[in-house]
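J.: Quick one: the structure is below, and I'll ask about it shortly.
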Amino acid sequence: MNNIIAPNVGESITVVSILKWLKKDGQFVTSGELLLEIESDKATVELVAPSTGVLKILKQNGAKVPVGEIIGTVDDAANPSPTHLAPSARKAALEKKIDTTLIAGTGKDGRVTKGDVLQFTQPATVQPIMKGTNIYANTYERRVAMSTLRSRIAERLVQAQQTAAILTTFNEIDMSKVIALRNKEKENFKAKHGVALSFMSFFTKASIEGLKVVPEINAYVEDNTIIYHDYYDIGIAVGTDRGLVVPVLRDVEKMNFVEMEKTLTE
5 MNNIIAPNVG
15 ESITVVSILK
25 WLKKDGQFVT
35 SGELLLEIES
45 DKATVELVAP
55 STGVLKILKQ
65 NGAKVPVGEI
75 IGTVDDAANP
85 SPTHLAPSAR
95 KAALEKKIDT
105 TLIAGTGKDG
115 RVTKGDVLQF
125 TQPATVQPIM
135 KGTNIYANTY
145 ERRVAMSTLR
155 SRIAERLVQA
165 QQTAAILTTF
175 NEIDMSKVIA
185 LRNKEKENFK
195 AKHGVALSFM
205 SFFTKASIEG
215 LKVVPEINAY
225 VEDNTIIYHD
235 YYDIGIAVGT
245 DRGLVVPVLR
255 DVEKMNFVEM
265 EKTLTE
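Structural data, given as structure tokens:
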């Protein structure tokens, strides 16, 4: 018998909360398998099974327990009962040569069903979805669920943004090569394409490369999901006789300098 102990997640933390058990009471688990999520004021921690055996849950979801208290046990002397495997699931597992002890059952009392076996064999994929309000048919988004820890960090960052002083920082970069290239090509560019070669095209291309390196900047959070934009729509402020306008360049990563400059001019 191995005990599952409420962990010490940081200095001055004496009590933690059981956020969510990921396995059911009486379910057969394997060593190292994720069992539950523990939460404190400072962090969220995932606990794994200390051994292979049958799980006994002593403290339920939402319970607040002192650090060091036993919240569950794993009986490593127990074996998975044949009754936990539906006949159709057993047949499917034999055909696909799957170790059913690795499958979390969703049937009654944790019973492994045929659907559980088939689901276990399917690779996890992130499905792209079309933007519902965008008329451009070639733009996509990806939805990726946040972990509990990342979700909590996001909440705290929003709180900090609402209560803390927000500052702006500036970093200087060496533009000498860009300036030299523009000075060299601007006359030929204007004569050949009928539009001026501005610095904005360089800035836009550089911004896209930065967004590719850090895709989270080109994303937003909805509930507990990060929605990534697999496209780049860039708004550029332009001063005109009618005032400041912000044209949006759609799918600008597919544009060259000529296309960007002509779109801005139009």
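Here our numbering is used: the first residue of the sequence shown is 5, the next is one more, and so on. We treat Cβ as the ideally placed atom computed from N, Cα and C, and that holds for glycine.
Check the C-beta distance from V58 over to V78 and give it rounded, since I have them as a contact under 8 Å.
T.: For the purposes of this step, residue 58 is identified with residue 54 of the sequence shown, where counting begins at 1. For the purposes of this step, residue 78 is identified with residue 74 of the sequence shown, where counting begins at 1. That pair is a contact at about 7 Å.
J.: Would you mind giving the Cβ-Cβ distance between K24 and V33, rounded to the nearest angstrom? I have them listed as a contact below 8 Å.
T.: Counting from 1 along the sequence shown, the entry for residue 24 is found at position 20. Counting from 1 along the sequence shown, the entry for residue 33 is found at position 29. No, K24 and V33 are not in contact; Cβ-Cβ is about 15 Å, not under 8 Å.
J.: I need the boundaries of the beta strand (DSSP E) containing P70, first residue and last residue.
T.: The count along the sequence shown starts at 1 and reaches residue 70 at position 66. That run of the beta strand (DSSP E) goes 68-70.
J.: Quick check on DSSP: helix, strand or coil for V256?
T.: Sequence index remark: in the sequence shown, residue 256 carries index 252 (1-based). Looking at V256 - three-state DSSP - the assignment turns out to be helix.
J.: Let's test the definition: count the other Cβ atoms within 10 Å of the Cβ of F193 and tell me whether it reaches 16, buried, or not, exposed.
T.: Here residue 193 refers to the residue found at position 189 of the sequence shown. When all chains shown are included, F193 counts as buried.
J.: Please state whether DSSP places K188 in a helix, a strand or coil.
T.: Residue 188 sits at position 184 when you count from the first residue of the sequence shown. Helix.
J.: If you draw a straight line from the alpha carbon of N12 to that of G72, how long is it in whole angstroms?
T.: Start at 1 with the first residue of the sequence shown, and residue 12 comes out as number 8. Start at 1 with the first residue of the sequence shown, and residue 72 comes out as number 68. Looking at the two C-alpha atoms, the distance is approximately 7 Å.
J.: Please state the DSSP three-state secondary structure of I17.
T.: Indexing the sequence shown from 1 puts residue 17 at position 13. I17 falls in the coil class under three-state DSSP.
J.: Among T269, E270, E226, V116, which one has its Cα closest to the Cα of R146?
T.: The count along the sequence shown starts at 1 and reaches residue 146 at position 142. For the residues T269, E270, E226, V116, the minimum Cα distance to R146 belongs to E226.
J.: Grouping DSSP H, G and I as helix and E and B as strand, with all else coil, what is A93?
T.: Counting from 1 along the sequence shown, the entry for residue 93 is found at position 89. Note: A93 maps to helix in three-state DSSP.
J.: Following the continuous alpha helix (DSSP H) through E213, name the residue where it begins and the one where it ends.
T.: The count along the sequence shown starts at 1 and reaches residue 213 at position 209. Counting along the chain, the alpha helix (DSSP H) containing E213 begins and ends at 203-217.
J.: Taking 7 Å as the limit between beta carbons, can you name the residues of its chain near A90, skipping five residues before and five after?
T.: By one-based count along the sequence shown, residue 90 stands at place 86. Excluding residues within five positions, the ones whose Cβ falls inside 7 Å are G111, R115, V116, T117, K118.
J.: Does DSSP classify D79 as helix, strand or coil?
T.: Within the sequence shown, the letter at position 75 stands for residue 79. Correct three-state label for D79: strand.
J.: The beta strand (DSSP E) spanning T229 covers which residue range?
T.: Counting from 1 along the sequence shown, the entry for residue 229 is found at position 225. Going by DSSP, T229 is part of the beta strand (DSSP E) stretching over 229-233.
J.: Give me, in chain order, the residues of the same chain whose beta-carbon lies closer than 7 Å to that of T269; leave out the 5 immediate sequence neighbours on both sides.
T.: As a position in the sequence shown, residue 269 is number 265, starting the count at 1. Closer than 7 Å at the Cβ level, and outside the excluded window around T269, lie V199.
J.: If we ignore side chains and look at the alpha-carbon of each, how far apart do I75 and D45 end up?
T.: Residue mapping note: residue 75 aligns to position 71 of the sequence shown, counting from 1. Residue mapping note: residue 45 aligns to position 41 of the sequence shown, counting from 1. Answer to the nearest angstrom: the Cα atoms are 19 Å apart.
J.: With DSSP as the reference, label T34 as helix, strand or coil.
T.: One-based indexing of the sequence shown puts residue 34 at position 30. Coil.
J.: Which word fits V20, buried or exposed, when buried means at least 16 other C-beta atoms lie within 10 angstroms of its C-beta?
T.: Residue numbering aside, residue 20 sits at position 16 when the sequence shown is read from its first letter. By the neighbour-count rule (16 or more Cβ atoms within 10 Å), V20 is buried.
J.: Taking 6 Å as the limit between beta carbons, can you name the residues of its chain near Y224, skipping five residues before and five after?
T.: Locating residue 224 in the sequence shown gives position 220, counting from the first residue. Excluding residues within five positions, the ones whose Cβ falls inside 6 Å are I231.
J.: Please state whether DSSP places L23 in a helix, a strand or coil.
T.: Numbered from 1 along the sequence shown, position 19 holds the residue referred to as residue 23. Looking at L23 - three-state DSSP - the assignment turns out to be strand.
J.: Given a cut-off of 8 Å on the beta-carbon distance, is the pair T56 and D80 in contact?
T.: Position 52 of the sequence shown holds residue 56. Position 76 of the sequence shown holds residue 80. In this structure, D80 lies closer than 8 Å to T56 by Cβ.
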